[in-house]
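Have a look at the structure below, then the notes.
2 protein chains.
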Amino acid sequence: MLGQMMQQPLLISSLIQHAERHHGDQLVVSRRVEGDIHRYTYRDLAKRSRQMAKALAKLGVQHGSRVGTIAWNGYRHLELYYAVSGSGAVLHTLNPRLHPDQVVWIADHAEDHVLCFDKTFLPLVEAVATRLATVKHFVLMADRSHMPADSQIPGLLCYEDLMDSEDDAFEWPRFDENEASSLCYTSGTTGNPKGVLYSHRSTVLHTYASALPDALNISGRDVVLPVVPMFHVNAWGLPYSACMVGAKLVLPGPGLDGASLYELFESEGVTLSAGVPTVWQGLLGHVQAHKLRFATMKRTIIGGSACPPSMMSTFEDDYGVQVIHAWGMTELSPIGTVGILKGKHEGLPTAERRAIQAKQGRGLFGIDMKIVGEDGRELPWDGKSSGELMVRGPWVVQQYLKGDKSPLVNGWFPTGDVAIIDADGFMQITDRSKDVIKSGGEWIGSIDLENIAMAHPAVAMAACIAAKHPKWDERPLLVVVKKPGAEVTAAELLAFYEGKIAKWWTPDDVVFVDAIPLGATGKMLKNRLRELFENHLLNKA
Amino acid sequence: MLGQMMQQPLLISSLIQHAERHHGDQLVVSRRVEGDIHRYTYRDLAKRSRQMAKALAKLGVQHGSRVGTIAWNGYRHLELYYAVSGSGAVLHTLNPRLHPDQVVWIADHAEDHVLCFDKTFLPLVEAVATRLATVKHFVLMADRSHMPADSQIPGLLCYEDLMDSEDDAFEWPRFDENEASSLCYTSGTTGNPKGVLYSHRSTVLHTYASALPDALNISGRDVVLPVVPMFHVNAWGLPYSACMVGAKLVLPGPGLDGASLYELFESEGVTLSAGVPTVWQGLLGHVQAHKLRFATMKRTIIGGSACPPSMMSTFEDDYGVQVIHAWGMTELSPIGTVGILKGKHEGLPTAERRAIQAKQGRGLFGIDMKIVGEDGRELPWDGKSSGELMVRGPWVVQQYLKGDKSPLVNGWFPTGDVAIIDADGFMQITDRSKDVIKSGGEWIGSIDLENIAMAHPAVAMAACIAAKHPKWDERPLLVVVKKPGAEVTAAELLAFYEGKIAKWWTPDDVVFVDAIPLGATGKMLKNRLRELFENHLLNKA
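So the sequences go chain by chain: A and B.
Each residue of the first sequence is one higher than the last, beginning at 83 in this note's numbering.
Each residue of the second sequence is one higher than the last, beginning at 83 in this note's numbering.
The following block contains the structure:
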């Protein structure tokens, strides 16, 4: 017996229509590649998105065509979010930090028909343009005055010329909510990147869930600045959730240094931001060095990798900014858990509260999760048992684009993260399953060890890796980058672990390096470190 | 090109599974018909819901079968919410305030297979039992010790006996999210009631949207007391949203008087409540008479009918309780708009802020709305143009149960409300279209006139109706119930309008009555008043 309610598909175009109709005068403020600050309203955004949808259609973009972007967080990129997906094509955001060979591989694999890019990335696109097998049109996201005098890219198009050639008389088409809306590739530290093809349904459901009070808690009174790039899993959905609720949106463009961000935070009255820990290090460094305060910022969402506890306490104690830990993956659209305390945690002493906030958080409604042992059996939520984290839900990947086999195990997606879940449902990642250190049959999580090292005043960055050991198979080895001018010995660092962790978890040795290699999304490439140092303890023995 | 995300149906059973898994120790507190306070956890609720699903199956309840309830807000009713819908049957909540003939008509029309009811309603069910054509089993929602010694109902079953006969080894079935989940009938002040058949999809989407920060803003830190009955459009979805976010749920049972409610508010630490204005009058009366304060209550959602401005200011100014105006209908699951201010309204003077809060609010994402003139053409959102409110969206009715024709007009549901929408999307109901007063070709909204009268200290209740007029066709006539012991003349009341409204809107006369008839959901039956007084001005002239 079917219900008798209206059959309305969940479409991304509904988000921009809602924003235009209900929050037409709300602002979108962007720091442009051109250097200036650009301001307009959701009404303008909606109008120009419709114009761009018409322009793209004239370039041969059809229902299901892929349109690639290589761009910062800015209003033109936002217009493409709605113009492309809203018209039934697929928005493919490429990460400019990838190696040019990977950019070519991904654009070919996705079969991008059009590639739109910011002027910053003109050299990158010029370097790869002739190698891109499927791209028919290259669009520089600039006005005529910022077009290069001559370019190696044949027939390079000007975004604002395309815009100006169209009016906004365009009706967003209505289609099946399961149609593809957008495409992101995993960063793929090993092997080729894999494409995750979101649907309108998965995106809209993720938007509802992520905006809830116990998730990102976004309202129409918020001023949201996503530092997390729009080329990195849709900036954690903020371009969608801001439209859903009518929040003011502030887009930082290429200005991701502490000074540029701080200026925007203050001038635009930002209340909520989101990004990876490395960005916040830059911002905090700037604020501390210049003895500044945040006038309006209330909350920041930290994800991508675990927020070091020291950063959390600095934000909260020194600046009154609530840190919200979130965990997600490209395969999850991306948000899976958010670290919002429960009512029962109110009134806990700070240290206990912090210990809960340091976890990755509890599942959004829509995400089922479990942890399983090596035998695949589900482990209890007891705050102790550690196993591979598995998830499922309507915004979790079913199958990679052109993937020859499903990544799922009995209907669950194996995240590759090793986690503990406590009785309140708070999940804590202890490691990537490939990074876990297997010492004498027991697992040692590398993240805890790294967090402790990071709390040492002389440490700028720390990675803990599995090094081969003659007796225990593997033992933890700490790889450390010292802060400029700071001095610390291996013995001092190892002594720093005392009382903070089980004795047998203490790393066996410390290696000091000038830099730790980072991947395109800012994560430490620990497999590279392992290649360098996996025999360190054997050689030493 | 289809997206490649998991296909997981949106099911009501997911809500109780989420609550059990992520908020297992959160409390559900109920004032029972038996008189005592009952406390258990979401874990208990989930377990007993599974047991009851098994018990209902043994009574022949199948996928799509209707299970009727006549019950207060309590844990057993909540168990049926999940047991019935979760197992694929259809929960049909009946309003016990209806006339017994209507109860029979509705249960027959719905073809209820089982009828579960609280002991309060034993006399009602005994009176109608033999007339119910389809009900095979009657279940008294009590334990064995509270069963009547003998009953006229043949084979009357005991809820707790059914529960005890089952274990909880039951897997919630998975099925199409468009399957029917629940059924509510409109109160139907004219004509037969009409059944609205919700789906799992419409219910889960409504739950997401209604919990958002700019809607009911429900978090796991809230303690929610729905005064609005669970037999009245699913208590505005709170039994679902509380499970979605893990809020503590406090269910007041039959204790809807001010003293009983106040006791629960304080003893359970209620932060958020919801109900119709008449209930709040009782609560405020109690609190004022005994010079009490609210220790924990922060917000109350008022809907069902417009909240009189005087009540809003009392709540906010005297008790620090934020009043959130909401508008909805049985046909909308029920919530359509919520009166949450925007960022731009912060810092407005109190009177201006109140004027915005007095409106019914802005649309949830998922609800499209428009106002149309008598010719069906869309009217502007200018805060002045008044027309019939039309809505559409995934939790809006498409067709009434067994309805022979669709109520929709070009895909939009005509609400029967007359409304104004301002440039910020705030909608204000000025009247029911059948209650609007057509004076000389112009429309006069009755609700404004009633609110002004209600602000007079001598007025307990006021209705404004269209009375026939020899020159203007219709003119407003005010029907007033005075407060006990209070005195006021018609001339004094009419003078009270001066300066508050356009002069030609002032009612032509006042009629004093002992009581205004109310319908089953507490709304004034203005059609009855019209029958009595529509010739009042003609007779007077």
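Every residue gets a Cβ at the ideal spot worked out from N, C-alpha and C, and that includes glycine.
Does any CB atom of chain B fall closer than 8 Å to the CB of residue i?
| i | result |
| --- | --- |
| H372(A) | no |
| R132(A) | no |
| L238(A) | no |
| P496(A) | no |
| I300(A) | yes |
| Q507(A) | With the sequence shown as reference, residue 507(A) is identified as Gly, and Gln is not the correct amino acid for it. Output row for G507(A): interface = yes. |
| H104(A) | yes |
| M411(A) | no |
| G146(A) | yes |
| Q234(A) | no |
Taking residue i as the query, report the chain B residues whose CB atoms sit under 9 Å from its CB, ordered along the chain.
| i | result |
| --- | --- |
| K585(A) | Near K585(A) there are no residues of chain B at all, since even the closest Cβ is about 34 Å away, more than 9 Å. |
| Q363(A) | Correct list: empty, because the minimum Cβ distance to chain B is about 29 Å. |
Residues of chain A with CB closer than 8 Å to the CB of residue i, please, in chain order.
| i | result |
| --- | --- |
| E261(B) | M83, L84 and G85 |
| R381(B) | The premise fails here: R381(B) is roughly 12 Å from chain A at the closest Cβ pair, so nothing lies under 8 Å. |
| R444(B) | H104 |
| Q510(B) | Simply none; closest approach about 15 Å. |
| Q481(B) | Q86 |
| V172(B) | M83 |
I'd like to confirm the pairing. Which residues does DSSP put opposite residue i in its beta bridges?
| i | result |
| --- | --- |
| S415(B) | DSSP output for S415(B) lists no bridge partner at all. |
| E524(B) | S521(B) |
| S281(A) | A262(A) |
| Y267(A) | G277(A) |
Looking at chain A, is there any beta carbon in it that lies within less than 8 Å of the beta carbon of residue i?
| i | result |
| --- | --- |
| P311(B) | no |
| K424(B) | yes |
| H100(B) | yes |
| S281(B) | yes |
| D596(B) | no |
| S355(B) | no |
| P295(B) | yes |
| E428(B) | yes |
| R303(B) | yes |
| Q439(B) | no |
| K330(B) | yes |
| S284(B) | yes |
| V315(B) | no |
| Q404(B) | no |
Could you name the residues of chain A that residue i contacts, counting a contact when the two beta carbons are closer than 7 Å?
| i | result |
| --- | --- |
| W477(B) | M87 |
| M245(B) | Within chain A, no residue comes near M245(B); the closest Cβ sits about 26 Å away, beyond 7 Å. |
Would you kindly report the start and end of the unbroken beta strand (DSSP E) that includes residue i?
| i | result |
| --- | --- |
| A388(A) | Unbroken run through A388(A): none, as it is neither H nor E. |
| Y241(B) | Segment Y241 to D246 is the alpha helix (DSSP H) holding Y241(B); no beta strand (DSSP E) there. |
| L559(B) | D555 to K564 |
Just curious, the alpha helix (DSSP H) that residue i is in, first and last residue?
| i | result |
| --- | --- |
| P275(A) | Element bounds for P275(A): n/a, residue is neither H nor E. |
| L130(B) | Per the sequence presented here, residue 130(B) reads as Arg, with Leu not at that position. Looking at the DSSP string, the run of the alpha helix (DSSP H) that includes R130(B) is Y124 to K140. |
| L162(A) | Y157 to G168 |
| T212(B) | First-last for T212(B): undefined, no H or E at that position. |
| L575(B) | A572 to A577 |
Quick one: which chain A residues come within Cβ less than 9 Å of residue i?
| i | result |
| --- | --- |
| M472(B) | Within 9 Å Cβ-Cβ: nothing; M472(B) doesn't reach chain A, min ~12 Å. |
| V518(B) | Ordered by position in chain A, no residue passes the 9 Å Cβ test against V518(B), which lies about 25 Å from the chain. |
What does residue i reach in chain B if we use C-beta pairs closer than 7 Å?
| i | result |
| --- | --- |
| D447(A) | Sequence check: residue 447(A) is Phe here, not Asp. Neighbours of F447(A) on chain B, chain order: H100 and M326. |
Quick one: list the residues of chain B neighbouring residue i, beta-carbon separation under 8 Å, in chain order.
| i | result |
| --- | --- |
| A291(A) | Y290 |
| field | the segment 207-220 of chain B in contact with the segment 231-238 of chain B per 3-pair CB rule at 8 Å | value | yes
| Would you call the segment 442-455 of chain A and the segment 412-426 of chain A touching, i.e. three or more CB-CB distances under 8 Å? | yes
| field | Cβ pair count under 8 Å reaching 3, the segment 101-119 of chain B against the segment 336-351 of chain B | value | yes
| field | Contact between the segment 281-295 of chain B and the segment 461-480 of chain B (3+ Cβ pairs under 8 Å) | value | yes
| message | For the segment 530-542 of chain A against the segment 484-492 of chain A, do three or more pairs of beta-carbon atoms, one drawn from each stretch, fall closer than 8 Å, so that the two count as touching? | response | no
| task | Report yes or no: do three or more beta-carbon pairs, one from the segment 429-449 of chain B and one from the segment 395-409 of chain B, lie closer than 8 Å? | result | yes
| Is it a yes or a no for the segment 452-472 of chain B touching the segment 385-392 of chain B, going by three-plus beta-carbon pairs under 8 Å? | no
| said: Using 8 Å as the cut-off, can you tell me whether the segment 308-325 of chain B makes contact with the segment 148-155 of chain B, which would need three or more C-beta pairs spanning the two stretches below that distance? | reply: yes
| query | When the Cβ atoms of the segment 257-272 of chain B are set against those of the segment 600-612 of chain A, are three or more pairs found closer than 8 Å? | reply | no
| request: Kindly confirm or deny that the segment 92-108 of chain B and the segment 590-608 of chain A touch, where touching means at least three C-beta pairs closer than 8 Å. | output: no
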